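Novice: One structure follows; several queries about it will come next.
Protein chains in written order, with the working numbering: chain G, 3 to 204; chain P, 345 to 545.
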């Protein structure tokens, strides 16, 4: 085996590191614009799904979003938009953030102009269990929210609770949806996340 | 060098089934076929090119710091692959999440660098990397097909099991989606391979 001097080793690794760092810098900078387009499209898709746009191509999403939605000011600086829903009515998009079983969960709720009726929701998660908690992104779960009420008869904010079927019968049918069986903690996370949503005038 | 031995990774020297390397990622990304295929391709690219680069550098690398140099090359390639996935197949890169980054610690790659690239010429090293990537991919795809078909009734995201089956009371096997089932499937594959090996003796 050849013997290498310390100077050689030091120079070798220095040159290698500098080469690698410059290579990666160019690569990241070069690909950044494309990645940002992808991230924005993904985010726009989420909001459009909540607003009832079902058949939107990914590369169209950002453009449609820009046409249909405008940002709204909020007191706490959270995201909110006014959006023209797929059925032509106006809605308010409210961003919600919470905790699932393994990591962050978040979503967008589209509320009709009466400030109570839900037009649609979409949820996303970082690392929930596939097939169980990850099903909060599923159409089968989110479609339950359509038409539910965020306020009770008297107009007080109650949120839409995510509850096990038959549990807490005092919560009216219009203010609740069924939790996902096998994903109790993720469902509770969605429940808590919706309870603290910022409706501005609740 | 016997050309037949290059095909070892696909059969009697499979990195997952025989050397039992890279099992962690094999369990994590095989719930569906699509991420499994992308993961297999990513590992193949990283394995082949790190083998090629290390083999080209092999006479200049001081043995005392060779692991550092190997890690540097592997992590550069993995970051590059991750950036490309984020730019071109964003939804799959989201599905693979941390497992792309974890290719750096995939023992198959370090193992091939140490066992092969450091002592062979560039072209055989490259071929060896490709074949080991394919050997890894072969298992991932097999497990991915079984898990997606039985767990979700789809392949590559398209429904395969006809609606009539569901109407007749057929249910998707939810257990297939969970990681332990991947372990059982990999175990079954090891069993099949070993029983074949015994017969060959």
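All residues carry an ideal CB built from backbone N, CA and C; glycine is no exception. Since this is a predicted model, take the numbers as computed values, not measurements.
With 7 Å as the threshold, decide whether the Cβ of residue 137 of chain G is near any Cβ in chain P.
Specialist: no
Novice: Mind checking residue 393 of chain P: buried by the 16 CB within 10 Å criterion, or exposed?
Specialist: buried
Novice: May I ask you to report which of helix, strand or coil DSSP gives residue 55 of chain G?
Specialist: coil
Novice: For a contact meaning CB atoms closer than 9 Å, what does residue 416 of chain P contact in chain G?
Specialist: 15, 18, 19 and 22
Novice: For residue 112 of chain G, which residues from the same chain have a beta carbon less than 6 Å from its beta carbon, with the 5 sequence-adjacent residues on both sides left out?
Specialist: Result list for residue 112 of chain G: 52, 53, 93, 95, 121 and 122, in chain order.
Novice: Here's a check: name, in chain order, each residue in its chain whose Cβ is nearer than 7 Å to the Cβ of residue 423 of chain P, leaving out the five neighbours to either side.
Specialist: none
Novice: With a threshold of 7 Å between beta carbons, is residue 507 of chain P in contact with chain G?
Specialist: no
Novice: Taking only beta-carbon atoms, is residue 36 of chain G less than 7 Å away from chain P?
Specialist: Cβ-Cβ to chain P under 7 Å: yes for residue 36 of chain G.
Novice: Between residue 469 of chain P and residue 460 of chain P, is the Cβ-Cβ spacing less than 7 Å?
Specialist: Yes, they are a contact pair.
Novice: Considering Cα atoms alone, identify which of G:47, G:97, G:16 and G:127 is closest to residue 200 of chain G.
Specialist: G:97
Novice: Does the region 63–73 of chain G come within contact of the region 450–457 of chain P, defined as at least 3 CB pairs closer than 8 Å?
Specialist: With contact defined as three or more Cβ pairs closer than 8 Å, the region 63–73 of chain G and the region 450–457 of chain P are not in contact.
Novice: Below 8 Å, how does it come out for the region 501–510 of chain P and the region 379–388 of chain P: are there three or more Cβ pairs, yes or no?
Specialist: Because the criterion of three Cβ pairs below 8 Å is not met, the region 501–510 of chain P and the region 379–388 of chain P do not touch.
Novice: Under the rule that 16 or more other beta-carbon atoms within 10 Å means buried, what is residue 198 of chain G, buried or exposed?
Specialist: So residue 198 of chain G counts as exposed.
Novice: Closer than 8 Å between beta carbons: that is the criterion. Which residues of the region 419–434 of chain P meet it against chain G?
Specialist: 420, 423, 424, 427, 428, 430, 431, 432 and 434
Novice: Between which two residues does the alpha helix (DSSP H) holding residue 378 of chain P run?
Specialist: 377–401
Novice: In the DSSP assignment, find the alpha helix (DSSP H) that holds residue 436 of chain P and state where it starts and stops.
Specialist: 434–440
Novice: Extract the residue ranges of the beta strand (DSSP E) inside the region 55–112 of chain G, only unbroken runs of 3 or more that lie entirely within it.
Specialist: 71–73, 82–86 and 92–101
Novice: I'd like to know if residue 406 of chain P contacts chain G, where contact means its C-beta is closer than 7 Å to some C-beta of that chain.
Specialist: yes
Novice: Kindly say whether residue 6 of chain G, judged by its beta-carbon, lies nearer than 7 Å to any beta-carbon of chain P.
Specialist: yes
Novice: Can you list the residues of chain G that residue 409 of chain P reaches, using a CB-CB cut of under 7 Å?
Specialist: 11 and 15
Novice: 7 Å is my cut-off, CB to CB: does residue 26 of chain G come that close to chain P?
Specialist: yes
Novice: Quick check on DSSP: helix, strand or coil for residue 173 of chain G?
Specialist: coil
Novice: Unbroken beta strand (DSSP E) runs of length 3 or more, entirely within the region 174–200 of chain G: which are they?
Specialist: 178–180
Novice: Look at the Cβ atom of residue 85 of chain G, then the Cβ atom of residue 70 of chain G, and state whether they are nearer than 7 Å.
Specialist: yes
Novice: Assuming residue 361 of chain P and residue 534 of chain P form a contact by the criterion Cβ under 8 Å, report the distance between their Cβ atoms to the nearest whole angstrom.
Specialist: 5 Å
Novice: Is the region 179–190 of chain G in contact with the region 125–135 of chain G, if contact means three or more CB pairs nearer than 8 Å?
Specialist: yes
Novice: Tell me which residues share the same chain as residue 376 of chain P and place their Cβ nearer than 6 Å to its Cβ, disregarding the 5 neighbours each side in the sequence.
Specialist: 492
Novice: Who are the neighbours of residue 188 of chain G on chain P, taking C-beta pairs under 8 Å?
Specialist: Residues of chain P passing the Cβ test: none, with the nearest at roughly 15 Å.
Novice: In this structure, how does DSSP classify residue 466 of chain P when only helix, strand and coil are distinguished?
Specialist: helix
Novice: Chain P beta carbons: is any one of them nearer than 7 Å to that of residue 152 of chain G?
Specialist: no
Novice: Which bits of chain P does residue 44 of chain G rub up against, with CB to CB less than 9 Å?
Specialist: Chain P residues near residue 44 of chain G: 434, 435 and 438.
Novice: Please report the residue range of the alpha helix (DSSP H) in which residue 371 of chain P lies.
Specialist: 367–372
Novice: Could you name the residues that DSSP lists as bridge partners for residue 122 of chain G?
Specialist: G:112
Novice: Per DSSP, which residues does residue 159 of chain G bridge with? Please list them.
Specialist: G:153
Novice: Going by DSSP, which residues form a beta bridge with residue 406 of chain P?
Specialist: Answer is none; residue 406 of chain P lacks a bridge partner.
Novice: Measure from the alpha carbon of residue 124 of chain G to the alpha carbon of each residue in G:153, G:46, G:173 and G:61, then state which is nearest.
Specialist: G:46
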